[in-house]
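Counting in my numbering, the sequence shown runs from 697 upward without gaps. First the structure, in the form of structure tokens, and then the observations on it.
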Amino acid sequence: MMKKKSISASNASLVLFLCQMISALDVPLDSKLLEELSQPPTITQQSPKDYIVDPRENIVIQCEAKGKPPPSFSWTRNGTHFDIDKDAQVTMKPNSGTLVINIMNGGKAEAYEGVYQCTARNERGAAISNNIVIRPSRSPLWTKEKLEPNQVREGDSLVLHCRPPVGLPPPIIFWMDNAFQRLPQSERVSQGLNGDLYFSNVQPEDIREDYICYARFNHTQTIQQKQPISVKVFSMDSLNDTIAANLSDTDIYGARPVTERQPVLLTPTGSTSTKVELRGNVLLLECIAAGLPTPVIRWIKEGGELPANRTFFENFKKTLKIIDVSEADSGNYKCIARNTLGSAHHVISVTVKAAPYWITAPRNLVLSPGEDGTLICRANGNPKPSISWLANGVPIAIAPEDPSRKVDGDTIIFSHVQERSSAVYQCNASNEYGYLLANAFVNVLAEPPRILTPANKLYQVIADSPALLDCAYFGSPKPEIEWFKGVKGSILRGSEYIFHDNGTLEIPVAQKDSTGAYTCVARNKLGKIQNEVQLEIKDPTVIIKQPEYKVIQRYGQVSFECIIKHDSTLLPTVIWLKDNDELPDDERFLVGKDNLTIMNVTDKDDGTYTCIVNTTLDSVSASAVLTVVAAPPTPAIIYARPNPPFDLELTGQLERSVELSWIPGDENNSPITNFVIEYEDGLHEPGVWHYQTEVPGTQTTVQLKLSPYVNYSFRVIAVNEIGRSQPSEPSEQYLTKSANPDENPSNVQGIGSEPDNLVITWESLKGFQSNGPGLQYKVSWRQKDVDDEWTSVIVANVSKYIVSGTPTFVPYEIKVQALNDLGYAPEPSEVIGHSGEDLPMVAPGNVQVHVINSTLAKVHWDPVPLKTVRGHLQGYKVYYWKVQSLSRRSRRHVEKKILTFRGNKTFGMLPGLEPYSTYKLNVRVANGKGEGPASPDKVFRTPEGVPGSPSFLKITNPTLDSLTLEWGSPTHPNGVLTSYILKFQPINNTHELGPLVEIRIPANESSLILKNLNYSTRYKFYFNAQTSVGSGNQITEEAVTIMDEGKMAMASRQVDIATQGWFIGLMCAVALLILILLIVCFIRRNKGGKYPVKEKEDAHADPEIQPMKEDDGTFGEYSDAEDHKPLKKGSRTPSDRTVKKEDSDDSLVDYGEGVNGQFNEDGSFIGQYSGKKEKEPAEGNESSEAPSPVNAMNSFV
697 MMKKKSISAS NASLVLFLCQ MISALDVPLD SKLLEELSQP PTITQQSPKD
747 YIVDPRENIV IQCEAKGKPP PSFSWTRNGT HFDIDKDAQV TMKPNSGTLV
797 INIMNGGKAE AYEGVYQCTA RNERGAAISN NIVIRPSRSP LWTKEKLEPN
847 QVREGDSLVL HCRPPVGLPP PIIFWMDNAF QRLPQSERVS QGLNGDLYFS
897 NVQPEDIRED YICYARFNHT QTIQQKQPIS VKVFSMDSLN DTIAANLSDT
947 DIYGARPVTE RQPVLLTPTG STSTKVELRG NVLLLECIAA GLPTPVIRWI
997 KEGGELPANR TFFENFKKTL KIIDVSEADS GNYKCIARNT LGSAHHVISV
1047 TVKAAPYWIT APRNLVLSPG EDGTLICRAN GNPKPSISWL ANGVPIAIAP
1097 EDPSRKVDGD TIIFSHVQER SSAVYQCNAS NEYGYLLANA FVNVLAEPPR
1147 ILTPANKLYQ VIADSPALLD CAYFGSPKPE IEWFKGVKGS ILRGSEYIFH
1197 DNGTLEIPVA QKDSTGAYTC VARNKLGKIQ NEVQLEIKDP TVIIKQPEYK
1247 VIQRYGQVSF ECIIKHDSTL LPTVIWLKDN DELPDDERFL VGKDNLTIMN
1297 VTDKDDGTYT CIVNTTLDSV SASAVLTVVA APPTPAIIYA RPNPPFDLEL
1347 TGQLERSVEL SWIPGDENNS PITNFVIEYE DGLHEPGVWH YQTEVPGTQT
1397 TVQLKLSPYV NYSFRVIAVN EIGRSQPSEP SEQYLTKSAN PDENPSNVQG
1447 IGSEPDNLVI TWESLKGFQS NGPGLQYKVS WRQKDVDDEW TSVIVANVSK
1497 YIVSGTPTFV PYEIKVQALN DLGYAPEPSE VIGHSGEDLP MVAPGNVQVH
1547 VINSTLAKVH WDPVPLKTVR GHLQGYKVYY WKVQSLSRRS RRHVEKKILT
1597 FRGNKTFGML PGLEPYSTYK LNVRVANGKG EGPASPDKVF RTPEGVPGSP
1647 SFLKITNPTL DSLTLEWGSP THPNGVLTSY ILKFQPINNT HELGPLVEIR
1697 IPANESSLIL KNLNYSTRYK FYFNAQTSVG SGNQITEEAV TIMDEGKMAM
1747 ASRQVDIATQ GWFIGLMCAV ALLILILLIV CFIRRNKGGK YPVKEKEDAH
1797 ADPEIQPMKE DDGTFGEYSD AEDHKPLKKG SRTPSDRTVK KEDSDDSLVD
1847 YGEGVNGQFN EDGSFIGQYS GKKEKEPAEG NESSEAPSPV NAMNSFV
């Protein structure tokens, strides 16, 4: 019986036939044939959908199509007919639909903006192009603007804005100087994606007058230039010198030197942001940070890894680039900016959407009258695209009716077509991100058979190799193909031939007796035709004397032989290689007819030499190793790899075994340890050698197990301690008989891809596992737990079969059995699969919400019946969103959140709720297909919570004894504000905290003037808001009251006296005199006398512990003027000016003084803290000294 590689099921056979017919028409194998056949139009070339044109050049809108008869063309513009005959500027190319709009002779490109569509039409249908949007490119000039110089303190961050003019397409931005040299960029200075130039910290080398932003518009080949930007950098040392020369010391009290700063993100701002990107595009995420030292950027993906082969870092790792993004790349991406002082981070939530993309694009159909067929149009996207059909460019709903046509969603089904059914159908798949448009024609033809292969074509094949004889054909209906050997020979049948669907005859192992003429006959109900081809079998090329392994002494001579035997009608060429490369260009290498000779051998000649013999039909090669050694003083034993075995012989041939014997080659002074036997399958994998077995070195025969339907050749390799020998010459070939398959396909599965189908898949058998020709599979299925018979179909050597018309999500018993021309494999085991899932039918009921606290709620629901799930239950999804904030601020944007609870869970927690807000939620059940309907929306409210911190606290208008405080209400009140709490306390010049004062302020106030404060005193303020639930987080600020000028002058005079030489000498003399008096008193007291001054000391207290009087100006301990509470123990500053740990943990760095602190123009203090936690306000009355003007001045020394 003649065997063909085709699917037994009639529908599958039709599909393969149609595919073959399409390729015959689309590929111009025979130009005469194509000229004779009628064919609907096909669009072959068109302009892009979004077509940006140069307004200075003619506009060419392409539209090319083929068809028989040749199609005519027409155009629409903005949805209406475009009459090109009425516009003198528009012409259409001859025999083409391409439009040429003449702009260079007076036309204006702007006048031709619009949406164009081309239609190609002939008597068999009409094809349409995409909607082509024509827009002229634009390169506007920069608007004039006055740019002030940027004056920046050294170490601060800076952003130079480019803000290029809006062009079409957007311009390419780069920064250069006046000399048109690109500005150097680094981790510290770099250009952002928006074109701005970012400085993480400015340095003196950044000073220049010519920072120029350029915008290049590629379409018009123009470059626009922004006005140069000037940057001036000043250091605090130079600033202090300038201020000190013009102002008093008091005026520069707030100056601070350059200091290091922890990172702060310049872009993007805030802690989170979102980005939407389309599937297949390039995702670009950017983070640029300020800080000193310059921060280093690192990227991570929360809950996952960055894709290994698609992730790139650009712009000094400030830009994360992921190419060819897909839905799997959605998620949260975090950038972390870090330096030695700390870190900052930003989370970018990425959502990947998708414009429509093809799953199955419609393909042209060529049918004969009375046949059936389908057009399938399947696309995917995010969101899911909608599918619409057109016939000859008209929506199919209003197109002329065709009784053979039926539209079923994404499929058009044709039944019993006639020649009038020929048409071109358009499938449009669209969503909010784009559309796809595909033309596919249905061409109904009645054609007798034609053979496209040239007559008497000659095929030449090497013996024992496969021979493929072509018989390319065309006809409608599809012709049947038969082969004969010779003109009057019988029809070819049997396992020694393979007949392919495209008409090709394959002879797997061509022998000498295969030579001759072969006739191909094609017939259908409209006629018959035949064609004859010739086959010649040639002898293989063989190297009968191969080059052998050589060991040669240095400066000697060596020769490698390569003697060949070949077919007398073939002309061989011999090439020699050294180490798989050409021979050195050296006259010492002499290539003869059958050998290679090397004269005067050197160490460089050591290597592997290969002889390659090529003919027009085959190629063979052999190699040998040359080892170059030094001349030994005395003869030595040479140890080498063994010579290859020879004289291989096959005996005792049986269906599943054979005996192989051989003669070992020379051992070369190292005993042979074992032999390795390899085999070649000339039928399935010619030229590829596989390991078979190995035997000890004392054995020269072996019984080999064989598989059916394999054309075996064997070779033997000898092994000793030096290495492996070259392989022996191959043995004679032995073709084992065919047999039933021994095994069935593995990994059988049944999973539905649609609600009404079952897709059965398996892993096909490998080549020699087929055990014979005509490998096929019997696919069987039946519904589980239903008393049904098995349904079976035999398919070709494929790995998938689709069962249509199944109930939704029911279990099936499945088995797949292999078979060939000789019979079936053993009975296969059964597996359980399921038909396709569909969306769940019902929503969860009895949804209840229990509010646990202001930010957490628990939701309950009743599970849906499993029968209504219609698929594998994956869990329940809770959709919830904030409807309204009950405080004075309300959300403008409603953002729905989704929580998924896996399995058959009936409750879940909703975290992260906002206090004092109204929410809605619903619950949906999900399976592998998607989500079911939503339950009715459930409304619930969260109670009040503590408020967030006030949005700002600003201190202005400092005077001698007052400060003005202004603040903003919290961004998140989380309830009804009841009041504000203000606490403040003074800080003395040793940074000890004074008594804490607390003030309660009504909630409707936004400012307060604090009076009766001490002059020239630093105060620390703590400010927070309250609701009925409690107090929120506090914010802190510091400020200083103005210093009294009279006191300052006195302090200045004290400083002047204390630094005079005569004053220092006087103090030294007084100290010496006191020391002498003490010594005299001590001597007199030891003699029994009483020093009279002692009585006075006993009668008076130590003057140093008296409080300071405002009227006499004496200095003592300071206590609070209002409550006069006693000083705490240990509050006095020790005499060595150090502060003990138990006294205070505050330091100069904690309050920013002398480091990053500075004064605003209104006198308020701005301080940066060096990464330490904010100090809590001191409770009780701590000792506080009024700041000394002398100390204030000395802080600048």
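Where is the CB? At the ideal position from N, CA and C, for every residue including glycine. Everything numeric in this text was worked out from a predicted model, so none of it was measured.
- In the structure shown, Thr1564 adopts helical secondary structure according to DSSP, grouped into three states.
- If you ignore the 5 residues before and after Arg1250, its C-beta comes within less than 8 Å of the C-beta of Val1297, Thr1298, Asp1299, Val1324, Val1325, Ala1326 and Ala1327, all in its own chain and listed in chain order.
- The beta carbons of Ile830 and Gly810 sit closer together than 8 Å.
- Contact between the segment 763 to 783 and the segment 854 to 871 is not established, with fewer than three Cβ pairs separated by less than 8 Å.
- Each of Leu962, Ala822 and Phe1717 was checked against the Cα of Gly888, and the nearest Cα belongs to Leu962.
- Bridge partners of Lys1573 according to DSSP: Thr1596 and Arg1620.
- Gln1230 places its beta carbon 8 Å or farther from that of Ala1206.
- Contact between the segment 1452 to 1459 and the segment 1358 to 1371 is absent: fewer than three C-beta pairs spanning the two stretches fall below 8 Å.
- In the DSSP annotation of this structure, the continuous segment of the beta strand (DSSP E) that includes Leu1649 starts and ends at Pro1646 to Thr1652.
- With respect to the C-alpha of Leu1322, the residue from Ile1359, Thr1265 and Ile1248 having the closest C-alpha is Ile1248.
- With a minimum length of 3 residues, the unbroken runs of beta strand (DSSP E) contained wholly in the segment 1360 to 1447 fall at 1370 to 1377, 1381 to 1392, 1397 to 1401, 1407 to 1415 and 1442 to 1447.
- For Lys1573, the number of other beta carbons within 10 angstroms of its own is at least 16, and it is reported as buried.
- Assignment of Gly1608 by DSSP, reduced to helix, strand and coil, places it in the coil class.
- Straight through space, the alpha carbons of Gly1470 and Asn1339 are spaced by roughly 43 Å.
- Residue state for Trp1758 is assigned as helix, using DSSP reduced to three classes.
- Looking at the backbone, the Cα of Glu883 and that of Ile903 are separated by about 18 Å.
- The DSSP-derived three-state label of Asp1343 is strand.
- Distance from the CA of Val1736 to the CA of Leu1774, rounded to the nearest whole angstrom, comes to 46 Å.
- Contact annotation, Gly1361 with Tyr1405: C-beta distance approximately 33 Å; criterion of less than 8 Å not satisfied.
- The DSSP-derived three-state label of Lys1153 is coil.
- Partner residues in the beta bridge of Ser770, as assigned by DSSP, are Thr815.
- In the three-state DSSP reduction, Tyr1193 falls in the coil class, being neither helix nor strand.
- Under the three-state reduction of DSSP output, Glu732 falls in the helix class.
- Under the three-state reduction of DSSP, Met800 is assigned to coil, being neither helix nor strand.
- Check the Cα spacing between Lys1401 and each of Ser1442, Glu1355, Pro1437 and Pro1522: the tightest is with Glu1355.
- Three or more beta-carbon pairs separated by less than 8 Å are not found between the segment 1075 to 1091 and the segment 790 to 809, which leaves the two stretches without contact.
- DSSP, read as helix, strand or coil, puts Ala1125 in strand.
- Judged by pairs of C-beta atoms under 8 Å, the segment 1127 to 1135 does not touch the segment 1110 to 1118, as fewer than three such pairs exist.
- For Ile868, the enclosing beta strand (DSSP E) covers residues Ile868 to Met872.
- DSSP, reduced to helix, strand and coil, places Cys983 outside both helices and strands of the structure shown, so it counts as coil.
- In this structure, DSSP gives Ala1206 a state outside helix and strand, which the three-state scheme calls coil.
- About 11 Å separates the Cβ atoms of Tyr1615 and Tyr1575, ruling out a contact at the 8 Å cut-off.
- Cβ contact annotation for Pro1607 (same chain, cutoff 8 Å, sequence separation greater than five): Thr1551 and Leu1552, in chain order.
- Only buried fits Arg817, as 16 or more other CB atoms lie within 10 angstroms of its CB.
- Take the alpha-carbon of Val1120 and the one of Cys1031: they are about 52 Å apart.
- Spanning the alpha carbons of Glu1202 and Leu1431 requires a straight line of approximately 17 Å.
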